[in-house]
Amino acid sequence: MQNDAAQKIKNELLAIEGGEPTHWAKIGRLLDAIEKTEFWRAEAKSFTEWLRSHASMFGVKEATLWRYLSAGRYIEELEGKYPLFLGRDDLPIEELLGGVSPENIEILSKLSRVAPEDVWGPLVQKVIEGSITRGEIRSLWKTFRPVLEGRTARGKGVSAPKFDSKSERQTGKLTEAMIRNALLKSSGEWTGAGPKEFFTILPDVELKSEAPITLRRAIDFVAIVGKESGVELHGVEVQTGLGPGFWPDAELFTLYCDYLWVAYPSDFGVSTREIPEHVGVLSVGKERVDILRLATTVRKVRVKSGEFAKQILVRILGK
17 MQNDAAQKIK
27 NELLAIEGGE
37 PTHWAKIGRL
47 LDAIEKTEFW
57 RAEAKSFTEW
67 LRSHASMFGV
77 KEATLWRYLS
87 AGRYIEELEG
97 KYPLFLGRDD
107 LPIEELLGGV
117 SPENIEILSK
127 LSRVAPEDVW
137 GPLVQKVIEG
147 SITRGEIRSL
157 WKTFRPVLEG
167 RTARGKGVSA
177 PKFDSKSERQ
187 TGKLTEAMIR
197 NALLKSSGEW
207 TGAGPKEFFT
217 ILPDVELKSE
227 APITLRRAID
237 FVAIVGKESG
247 VELHGVEVQT
257 GLGPGFWPDA
267 ELFTLYCDYL
277 WVAYPSDFGV
287 STREIPEHVG
297 VLSVGKERVD
307 ILRLATTVRK
317 VRVKSGEFAK
327 QILVRILGK
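Residues in the sequence shown are numbered consecutively from 17, following this note's numbering.
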């Protein structure tokens, strides 16, 4: 390790130890330098041991320092290849990132391995500008995470998992994730909601049941529309093929929702003749939701709708 690099690290550590406020990204870069230059060897048997023993000096937990390191490295990767950072080398990292959290950067790095460029690219700018909330980016990661089929980078020498375009299964899951993302971003015109009427949409709404856990069902989405005539509940199931999965549940869902819809990718050839007449059909692209057939309400008593509405209200209120 060169003396200049070692001295720079020492000076930064002394400043932090002396109580100088330091942005998390700067700490992340410092930790990266400590590991790469093996500065830690003078005080510990491993970098992990050094990190653990110095966590109190940084005033955070060891797990938080690992997050700083991971997020800091990803910022460096972005600086090297992403146009957003071109011409901004003169800005200190603290000024560039402002109030951006390391958690948001970490989730952004995960999304880069699975989300298409037209989703991930604009997201980079939103994260760096701080114009996306932690809840929003977490929701996006929850939408795309299933594409990786539960694979993680845990374990020594294990590469971070990424989308495999040659995998038919992962390609199908990515298509489903894109549909889910488009529905979450929609403003509800497909439900008949007017611009001044209340509309919100919730993913993965479980149907309360006494049945065993293995038999319980959840509706992919429930849209809530507030009209002068009352509240409407629209259930939506996402389909990437004409499998039998949805149709046996269609009768069950009518006990909970006023309208039922099935959503297909826009490039999928759908025959509405094979779909129950009361079920509406949506064609979903990257930025739009088109109606292929309107949903109609079934003239029957929705015995579970009141209880279901209360369940949804509790979820919206976060209780």
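No residue lacks a Cβ here, since even glycine has one placed at the ideal position from N, Cα and C.
Values in this document were obtained by computation on a predicted structure and should not be read as measured data.
#1: Could you give the distance in angstroms between the alpha-carbon of L85 and the alpha-carbon of V252?
#2: What would DSSP say about E33, mapped onto helix, strand or coil?
#3: Can you name, in chain order, every residue of its own chain whose Cβ lies under 6 Å from the Cβ of A279, other than the five neighbours on each side?
#4: Do the segment 239 to 251 and the segment 197 to 215 meet, that is, are 3 or more Cβ pairs less than 8 Å apart?
#5: Find the nearest neighbour of L218 within the set E92, E205, A234, judged by alpha-carbon distance.
#6: Using only alpha-carbon positions, find the residue among G115, K189, A87 that is nearest to I148.
#7: Are the CB atoms of V286 and L310 within a distance shorter than 9 Å?
#8: Terminal residues of the continuous beta strand (DSSP E) containing A60?
#9: Please list, in chain order, all residues of the same chain as A131 whose beta carbon is under 7 Å from its beta carbon, the five residues on each side excluded.
#10: Thinking just about the alpha-carbon of each residue, which of E111, R154, Q141, I144 is nearest to the one in K126?
#11: Taking all protein chains shown into account, do 16 or more other C-beta atoms lie within 10 angstroms of the C-beta of E410, making it buried, or fewer, making it exposed?
#12: Look up K243 in the DSSP assignment and give the residues it is bridged to.
#13: How big is the Cα-Cα spacing for A227 and K302?
#14: What three-state label does DSSP hand Y84 in the structure shown?
#15: What is the residue span of the beta strand (DSSP E) that A279 lies within?
#16: With DSSP as the reference, please indicate the residues paired to R218 in a beta bridge.
#17: Leaving out five residues before and five after M73 in sequence, what residues of the same chain have Cβ atoms less than 7 Å from its Cβ?
#18: Could you tell me how far apart the beta carbons of I50 and I25 are, in whole angstroms, since I believe they sit closer than 8 Å?
#19: Inspect the beta-carbon positions of L67 and I91 and report whether they are closer than 9 Å.
#20: Does the Cβ of S69 have 16 or more other Cβ atoms within 10 Å, making it buried, or fewer, making it exposed?
#21: For G171, name the three-state secondary structure that DSSP assigns.
#22: Tell me which residues share the same chain as W40 and place their Cβ nearer than 6 Å to its Cβ, disregarding the 5 neighbours each side in the sequence.
#23: Spatial neighbours of T312 within its chain, please: CB distance less than 6 Å, with the 5 preceding and 5 following residues excluded, ordered by chain position.
#24: Using the Cβ count rule (16 or more neighbours within 10 Å means buried), how would you classify E184?
#25: Should T256 and P292 be called a contact, given that it needs their Cβ atoms to be closer than 9 Å?
#26: Give the list of continuous alpha helix (DSSP H) stretches no shorter than 4 residues that lie fully inside the segment 133 to 168.
#27: Let me confirm a value: L249 is counted as buried when at least 16 other C-beta atoms fall within 10 Å, else exposed. Which label applies?
#28: Using 10 angstroms around the beta-carbon of Q23, count the other beta-carbons present and answer buried if the total reaches 16, otherwise exposed.
#29: Using beta-carbon positions only, say whether A71 and T80 come within less than 9 Å of one another.
Once the coordinates are examined:
#1: Per the coordinates, the alpha-carbon of L85 lies some 41 Å from the alpha-carbon of V252.
#2: Helix at E33.
#3: Excluding five sequence positions before and after A279, the CB atoms of its chain that fall closer than 6 Å to its own CB belong to I195, V252, V254, L298, V300, given in chain order.
#4: These segments touch.
#5: Minimum Cα-Cα distance from L218 among the listed residues E92, E205, A234 corresponds to A234.
#6: Residue G115 is the option with its Cα nearest to I148.
#7: No, these two residues do not count as a Cβ contact at 9 Å.
#8: Careful: A60 lies outside any beta strand (DSSP E) and carries neither H nor E.
#9: These residues qualify, in order along the chain: F160.
#10: Ranked by how close their Cα comes to the Cα of K126, the residues E111, R154, Q141, I144 have R154 in first place.
#11: Residue 410 cannot be examined here, being either before or after the span of the chain that is shown, 17 to 335.
#12: The partner list for K243 (beta bridge, DSSP) reads G246.
#13: At A227, the pLDDT of 48 sits below 50, so the modelled position is not reliable; the number obtained from the coordinates is stated separately. Roughly 37 Å between the two C-alpha positions.
#14: Here Y84 sits in helix by DSSP.
#15: Its beta strand (DSSP E) spans residues 275 to 281.
#16: Per the sequence presented here, residue 218 reads as Leu, with Arg not at that position. Secondary-structure assignment with DSSP links L218 through a beta bridge to V238.
#17: The residues are I32, E33.
#18: The pair is a contact, with the Cβ atoms about 6 Å apart (cut-off 8 Å).
#19: Not in contact: L67 and I91 (Cβ atoms no closer than 9 Å).
#20: Exposed, since its Cβ has fewer than 16 Cβ neighbours within 10 Å.
#21: Per-residue confidence for G171 stands at a pLDDT of 49, beneath the threshold of 50, marking its modelled position as unreliable; no derived number is given.
#22: These residues qualify, in order along the chain: Y84, P118.
#23: So the qualifying residues of the chain are H294.
#24: With fewer than 16 other Cβ atoms within 10 Å, it is exposed.
#25: For T256 and P292, no; Cβs fall outside 9 Å.
#26: Those alpha helix (DSSP H) runs which fall completely within the segment 133 to 168 and span 4+ residues are 133 to 145, 150 to 160.
#27: With a threshold of 16 other beta carbon atoms within 10 Å, L249 meets it and is buried.
#28: Counting the other Cβ atoms within 10 Å of the Cβ of Q23 gives fewer than 16, which makes it exposed.
#29: For A71 and T80, yes; Cβs fall inside 9 Å.
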